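This report concerns only the one structure given below.
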Amino acid sequence: MKKKVIIIGALGMDFHVFNTVFKDNEEYEVIAFTIAGEQNVGTTDEAERRFPPELAGKLYPGGIPMVSEDRLEDMIKSHNVDEVVFAYSDVSHEEVMHKGSRALAAGANYRLISGKFTQIKANKPVVAVCAVRTGCGKSQVSRAVYRYLQSKGLKVVAIREPMPYGNLVQQNVMRFEKYEDLDKYDCTIEEREEYEPYIHQGLVIYSGVDYEKIIREAEKEADVIIFDGGNNEISFYVTDLLFIVVDPLRPGHEMKYHPGEVNARYADVFVINKMNSAKAEDVKIVEKNLQELNHNAIRVYTNSVVTAEEPMKLKNKKVVVVEDGPTLTHGGMAIGAAYVAAKNAEAKIVDPRKYLVGSMKEVFEEFPQITEIVPAMGY
């Protein structure tokens, strides 16, 4: 008898887990994906969505429903679900088990899946840059690694962790080399933020839904693959070298969030970033924790220097600061790069709180650490 499964996710790792573990696997029936509202994606579309049949495989000719996570218990009971699989990132260990308790109390087993079963073996060397939390500075490290490898005469291609918020069939395998490619795939603002820096530097980056197909395309034009992780996801590929970026502005988080701690235990190299902003005592906390988690990994210390184009134009000007949403919300940060740039330029930051309405007002109530900054919400 097939095991009935619900995959709880956030439009990213959940699809990868499905593709690598459950697709075309006749031992399981995936009843639904759930979407986590606290990961911003719940604001995308209130209408019922489906993982399309074109991507779901032969066992799901009608596709697979995608429903809000707050329906988890009802779905478990109404479909007599056997197993709930947790498949998203940047969630505290405590919250992971709150979700587990919900599943167990509703009558389903609760499961986490190791990278041993989800990581794809490439035919070219893979260097991955992942992190212990979202907002650590992965992409800047990824681009630095990319440029270094290029300087050695290697053809390098990057692959980005998924952000598939639009037409999944259209976005199954995406390749970005020119700005026109962003329009071709109808990219959201959040996606553009990730891909544009690569395009600006003349670099090629892939993303999408099916990471088996993506790696096979990327291998055709690369000597080396760089996997640029999202949030604190584990690499989707078996790695030849794994950099894990750590944020000393959030000391202790390297041991408290899933799957960031998994990454710390996997690491070949720790990149302790933002040293120019960190307190010495916080760096010591991070170092102690990393020693406990993985004493074999090499440590590299880096600065993260924020610069603005023509900062003199901002001096004494009233500005609204808009930051990356995940860094401020589930990432737990109170400030980001735009805030630092505005302060450095001596701009006058407009406090947005008295102007808040609707869902943005609710965001500020849910995340009280956010004060003078507007988080980008809803993709």
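Following the numbering used here, the numbering of the sequence shown begins with 824 at its first residue and continues without gaps.
Positions of the beta carbon are idealized from the N, C-alpha and C atoms, including for glycine.
Every value quoted in this text rests on a predicted model; they were computed, and no experiment measured them.
**Report entry** Member of Asp-897, Ala-1041, Pro-1134, Leu-1116 whose CA lies at the smallest distance from the CA of Ala-981
**Finding:** Minimum Cα distance to Ala-981 is reached at Ala-1041.
Requested in this report: Specify the secondary structure class of Gly-832 as computed by DSSP and reduced to three states.
Outcome: In the three-state reduction of the DSSP assignment, Gly-832 falls in the strand class, which pools E and B.
Report task. Starting from the Cα of Leu-927, find the closest Cα among Ile-943, Val-908, Ile-936 and give me that residue. Result -> Closest option to Leu-927, Cα to Cα, is Val-908.
Requested in this report: Provide the residue(s) that pair with Asn-1055 in DSSP beta bridges, ordered along the chain.
Outcome: DSSP lists no partner for Asn-1055.
Query raised in the report: Under the three-state reduction of DSSP, which class applies to Phe-838: helix, strand or coil?
Result: The DSSP-derived three-state label of Phe-838 is helix.
Query - Cβ shell of Asp-1009 (< 6 Å), same chain only, five flanking positions each side left out - result: Within the same chain, and ignoring the five residues on either side of Asp-1009 in sequence, the residues whose Cβ sits closer than 6 Å to its Cβ are Gly-989.
Query - Rounded distance between the beta-carbons of Ile-1028 and Tyr-1021, thought under 8 Å - result: Separation of the CB atoms of Tyr-1021 and Ile-1028 is rounded to 4 Å, and the pair is thereby assigned contact status at 8 Å.
Report task. Using three-state DSSP, classify Glu-1042 as helix, strand or coil. Result -> Glu-1042 falls in the helix class under three-state DSSP.
Query - Local conformation of Arg-1073 per DSSP, three classes - result: Of the three classes helix, strand and coil, the one that applies to Arg-1073 here is coil, per DSSP.
Requested in this report: On a CA-only basis, which of Asn-903, Ile-829, Gln-1114 is nearest Gly-923? Give me that one, please.
Outcome: Comparing Cα positions, the closest option is Ile-829.
Requested in this report: To the nearest angstrom, report how far apart Ser-891 and Asp-847 are at their CA atoms.
Outcome: If you take the alpha carbons of Ser-891 and Asp-847, they lie about 25 Å apart.
**Report entry** Straight-line gap, Glu-1185 to Gly-1025 (C-alpha atoms, nearest Å)
**Finding:** Glu-1185 and Gly-1025 have their alpha carbons spaced roughly 40 Å apart.
Report task. Count the other CB atoms, across all protein chains shown, that sit within 10 Å of the CB of Thr-1150; report buried if there are 16 or more and exposed otherwise. Result -> A buried status is given to Thr-1150, since no fewer than 16 other beta-carbon atoms sit within 10 Å of its beta-carbon.
Query - Three-way DSSP call (helix, strand, coil) for Met-997 in this model - result: Correct three-state label for Met-997: strand.
Query raised in the report: Of the choices Ser-1100, Phe-841, Asp-837, His-1076, whose alpha-carbon is the least far from that of Tyr-1124?
Result: The alpha carbon of Tyr-1124 has as its nearest neighbour, out of Ser-1100, Phe-841, Asp-837, His-1076, the alpha carbon of Ser-1100.
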